[in-house]
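In the numbering used here, the protein residues as written are 56 to 625.
Cβ atoms here follow ideal geometry from the backbone N, Cα and C, with glycine treated the same way.
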């Protein structure tokens, strides 16, 4: 495999990318610790409402927000800030890139303060009528707006490249990152409306009540496309880098582009499959979203076949023979191409994540597992599978190339994704199997259903939460190994000049792309599809007879406005 092209990077661009990688990795240490606490609370090892100052729902909120929103958003922006200029052969415009980064950092610190101070234990979904401190909502808004600015900062680079290269195909890496942020931009408009129009004024006391069904609908307009915002940077790595890391070429450039366009089309109008039990939404809307959710599985099936063909080609170039020999000829444990292990382990995990996702999209089966531990079991096979491992691998790659430091402990770095794979499979089996037996999600089981002194005691769940705990401990050990490699690399001396360097693959079939050359018609079609899918839902919610709700603090059964009235009464 030829060495990847190295391009110089301006010092302030390097500093920004490294900051956008380092801060979320540091916060991820807290997020992983909070995750470990969750399995210990749920297994009954900790039979208390809090542990060392960390309350159960506070830790659960921190785990979800840091791992699933903060880490992933920072990474996507940092990856785009590095990859888009590299693929276009240009420089990152620094002024707005830094404005974006500063806004995201300030927003993250505001929301983190609210959570760590115990003023925002509203969980990952922050459903009203649970009310958080205004800093939580304002911080979320700044994080989102900062990420928009980063995307807008790349658009002039792309347009200039199109003018200077008429008739040429846009680099596939740029197509992947633009598809990522087109999905993100459309989806986050809804959650920005929820936060800025509904939740922030309500939290500040400017409004007394909130429309709960509307807030939930706006969240899930964002919430499921968020999954593809996570997945698409990983897919960009799969299509543009994995074939080369495997010693081969991308089997079909055209299929890769089609996959990204299909995600733009189908990622967003699918949110109602998270709300099959929502009484404010009609059955017809739920049925339509269910069908569209099955449609969004198609690009993943195309990806499975295309990547398999790409990896088979590489293995046969290295001498693989027979029907299955190409599978064992992959560089699973190579320390030279160490990032291959992160991408291939994530793909293996995602096989089960995709299959379990089809179950969640099926109306009747979804009702069986709704609000059970099955759902976080599935969730960890997606965001904690291909997404996390791809992001961890690329974070380490960016750290090494942008600092000019060789990676320390490469054998340990290669072992991390396989140890994580073992842990997440054990963890998710325990969660999903328990869910099939009715084990609830989000609940501190150690103080309730697994407490022998509780009238709600369910001893049949003990096996499943114990298996889940074992998997969670293995996952924690994998992350300790990763943090060891990451910070050991960060603290070593420079061994070469810093540079942008990505192992981009060549295409085996480099076909004309036709209608896939232009993003605009796909975006327009996606918006039309969203209008068709969501207009009936918006009508249902706004016409509903449900009363607006006052705010509640997570640990008080009385509405906030009643508590304030009692505090001010003589």
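Could you give the distance in angstroms between the alpha-carbon of residue 485 and the alpha-carbon of residue 432?
Numbered from 1 along the chain shown, position 430 holds the residue referred to as residue 485. Numbered from 1 along the chain shown, position 377 holds the residue referred to as residue 432. Approximately 8 Å between the Cα atoms of the pair.
Suppose the cutoff is 7 Å on Cβ atoms and the five residues either side in sequence are ignored; what does the same chain contact list for residue 496 look like?
Stepping through the chain shown from its first residue, residue 496 is reached at position 441. Excluding residues within five positions, the ones whose Cβ falls inside 7 Å are 426, 427, 428, 430 and 431.
Beta-bridge partners of residue 265, as assigned by DSSP:
Looking up residue 265 in the chain shown gives position 210. Its beta-bridge partners are 604.
Distance between residue 262 and residue 579 (C-alpha atoms, nearest Å)
For the purposes of this step, residue 579 is identified with residue 524 of the chain shown, where counting begins at 1. For the purposes of this step, residue 262 is identified with residue 207 of the chain shown, where counting begins at 1. Using only the alpha carbons, I get a separation of about 36 Å.
Below 8 Å CB to CB, which residues in the same chain sit around residue 165 once its five sequence neighbours on both sides are set aside?
The residue you call residue 165 lines up with position 110 of the chain shown. Only 190, 191, 193, 194 and 197 meet the Cβ criterion.
Neighbour-count burial assignment, residue 104, 16 or more Cβ in a 10 Å radius
Against the chain shown, residue 104 aligns to sequence position 49. So residue 104 ends up on the exposed side.
Beta-carbon contacts of residue 603 that lie in its chain and below 8 Å, excluding the five residues immediately before and after
Taking the first residue of the chain shown as 1, we reach residue 603 at position 548. The residues are 264, 265, 266 and 267.
Below 8 Å on the Cβ atoms is my contact criterion, and I expect residue 64 with residue 457 to pass it. Report the Cβ-Cβ distance as a whole number of Å.
Stepping through the chain shown from its first residue, residue 64 is reached at position 9. Stepping through the chain shown from its first residue, residue 457 is reached at position 402. Contact holds; Cβ gap of about 7 Å.
Our contact map puts residue 451 next to residue 540 with C-beta atoms below 8 Å; I'd like the distance itself, whole angstroms only.
Taking the chain shown and counting its residues from 1, one reaches residue 451 at position 396. Taking the chain shown and counting its residues from 1, one reaches residue 540 at position 485. Contact holds; Cβ gap of about 7 Å.
In or out: residue 446 buried (at least 16 other Cβ within 10 Å) or exposed?
Taking the first residue of the chain shown as 1, we reach residue 446 at position 391. So residue 446 counts as buried.
Taking three-plus beta-carbon pairs below 8 Å as touching, is the region 455 to 474 in contact with the region 383 to 399?
yes
Taking only the alpha-carbon atoms, compute the straight-line gap between residue 336 and residue 595 and give it to the nearest angstrom.
Walking along the chain shown from the start, residue 336 turns up at place 281. Walking along the chain shown from the start, residue 595 turns up at place 540. Each residue's alpha carbon lies about 6 Å from the other.
Nearest-angstrom Cα distance between residue 233 and residue 373?
As a working mapping, residue 233 is identified with position 178 in the chain shown. As a working mapping, residue 373 is identified with position 318 in the chain shown. Going by the C-alpha atoms only, they are around 34 Å apart.
Go through its chain and collect everything with a Cβ distance to residue 477's Cβ below 7 Å, but skip five positions before and after it.
Translated into positions along the chain shown, residue 477 becomes position 422. Only 529 meet the Cβ criterion.
Quick check: the Cα distance between residue 492 and residue 292, rounded to an integer number of angstroms?
Taking the first residue of the chain shown as position 1, residue 492 is located at position 437. Taking the first residue of the chain shown as position 1, residue 292 is located at position 237. About 38 Å.
Considering only their Cβ atoms, is the gap separating residue 311 from residue 366 smaller than 8 Å?
Counted from its first residue, the chain shown places residue 366 at position 311. Counted from its first residue, the chain shown places residue 311 at position 256. Contact: no.
Residue 459 and residue 371: beta carbons closer than 8 Å?
For the purposes of this step, residue 459 is taken as residue 404 along the chain shown, with counting starting at 1. For the purposes of this step, residue 371 is taken as residue 316 along the chain shown, with counting starting at 1. Not a contact, by the Cβ cut-off of 8 Å.
Output needed for residue 410: all residues of its chain with C-beta closer than 8 Å, excluding positions within five of it in sequence on either side, in chain order.
By one-based count along the chain shown, residue 410 stands at place 355. Contacts found: none.
Straight-line gap, residue 369 to residue 160 (C-alpha atoms, nearest Å)
By one-based count along the chain shown, residue 369 stands at place 314. By one-based count along the chain shown, residue 160 stands at place 105. Their backbone Cα atoms lie some 41 Å apart in a straight line.
Restricting to Cα atoms, I'd like to know which of 508, 443, 608 and 86 is closest to residue 109.
Taking the chain shown and counting its residues from 1, the one referred to as residue 109 is at position 54. Ranking the options by Cα distance to residue 109, first place goes to 86.
Please state if the CB of residue 78 and the CB of residue 129 are separated by a distance shorter than 8 Å.
For the purposes of this step, residue 129 is taken as the residue at position 74 of the chain shown. For the purposes of this step, residue 78 is taken as the residue at position 23 of the chain shown. A contact, by the Cβ cut-off of 8 Å.
Per DSSP, what kind of secondary structure is residue 127 in: helix, strand or coil?
Indexing the chain shown from 1 puts residue 127 at position 72. Helix.
Do the CB positions of residue 235 and residue 284 come within less than 8 Å of each other?
Here residue 235 is taken as the residue at index 180 of the chain shown, counted from 1. Here residue 284 is taken as the residue at index 229 of the chain shown, counted from 1. In contact: residue 235 and residue 284 (Cβ atoms closer than 8 Å).
Does DSSP put residue 615 in a helix, a strand or coil?
As a working note, residue 615 is residue 560 in the chain shown. Looking at residue 615 - three-state DSSP - the assignment turns out to be helix.
Stretch-stretch touch, CB-based, cutoff 8 Å, three pairs: the region 406 to 420 with the region 347 to 364
yes
If you check the beta carbons only, do residue 334 and residue 607 fall under 8 Å apart?
In the chain shown, the residue the question calls residue 334 occupies position 279. In the chain shown, the residue the question calls residue 607 occupies position 552. No; because the gap between Cβ atoms is not below 8 Å, this pair is not in contact.
When you compare the CB positions of residue 340 and residue 327, do they come within less than 8 Å of one another, or not?
Along the chain shown, read from residue 1 onward, the residue named residue 340 stands at position 285. Along the chain shown, read from residue 1 onward, the residue named residue 327 stands at position 272. Yes. Within cutoff.
Which listed residue (254, 146, 438 and 258) has its alpha carbon closest to that of residue 271
Walking along the chain shown from the start, residue 271 turns up at place 216. Nearest C-alpha to residue 271: 254.
With distance defined between alpha-carbon atoms, name the residue in 590, 553, 479 and 463 nearest to residue 544.
By 1-based counting over the chain shown, the position of residue 544 is 489. Answer by Cα proximity: 463.
Counting only the same chain and skipping the five closest in sequence on each side, list residues whose C-beta sits under 6 Å from that of residue 133.
What you label residue 133 is simply residue 78 of the chain shown in a count that begins at 1. For residue 133, where only same-chain residues beyond five positions count, the Cβ hits under 6 Å are 72, 75 and 76.
Assuming residue 402 and residue 448 form a contact by the criterion Cβ under 8 Å, report the distance between their Cβ atoms to the nearest whole angstrom.
Position 347 of the chain shown, counted from the start, is the residue given in the question as residue 402. Position 393 of the chain shown, counted from the start, is the residue given in the question as residue 448. Actually they are not in contact, since the Cβ atoms of residue 402 and residue 448 sit about 12 Å apart, beyond 8 Å.
Using three-state DSSP, classify residue 106 as helix, strand or coil.
Counted from its first residue, the chain shown places residue 106 at position 51. Of the three classes helix, strand and coil, the one that applies to residue 106 here is strand, per DSSP.
Roughly how many angstroms separate the alpha carbons of residue 600 and residue 249, rounded to a whole number?
Position 545 of the chain shown, counting from 1, holds the residue named residue 600. Position 194 of the chain shown, counting from 1, holds the residue named residue 249. Their backbone Cα atoms lie some 20 Å apart in a straight line.
Per DSSP, what kind of secondary structure is residue 368 in: helix, strand or coil?
To locate residue 368, count along the chain shown from 1; it is residue 313. Residue 368 falls in the helix class under three-state DSSP.
Could you give the first and the last residue of the continuous alpha helix (DSSP H) run that contains residue 344?
Counted from its first residue, the chain shown places residue 344 at position 289. Here the alpha helix (DSSP H) through residue 344 covers 338 to 350.
Run of the beta strand (DSSP E) containing residue 562, from where it starts to where it stops:
Looking up residue 562 in the chain shown gives position 507. Run containing residue 562: 562 to 564, per the beta strand (DSSP E) assignment.
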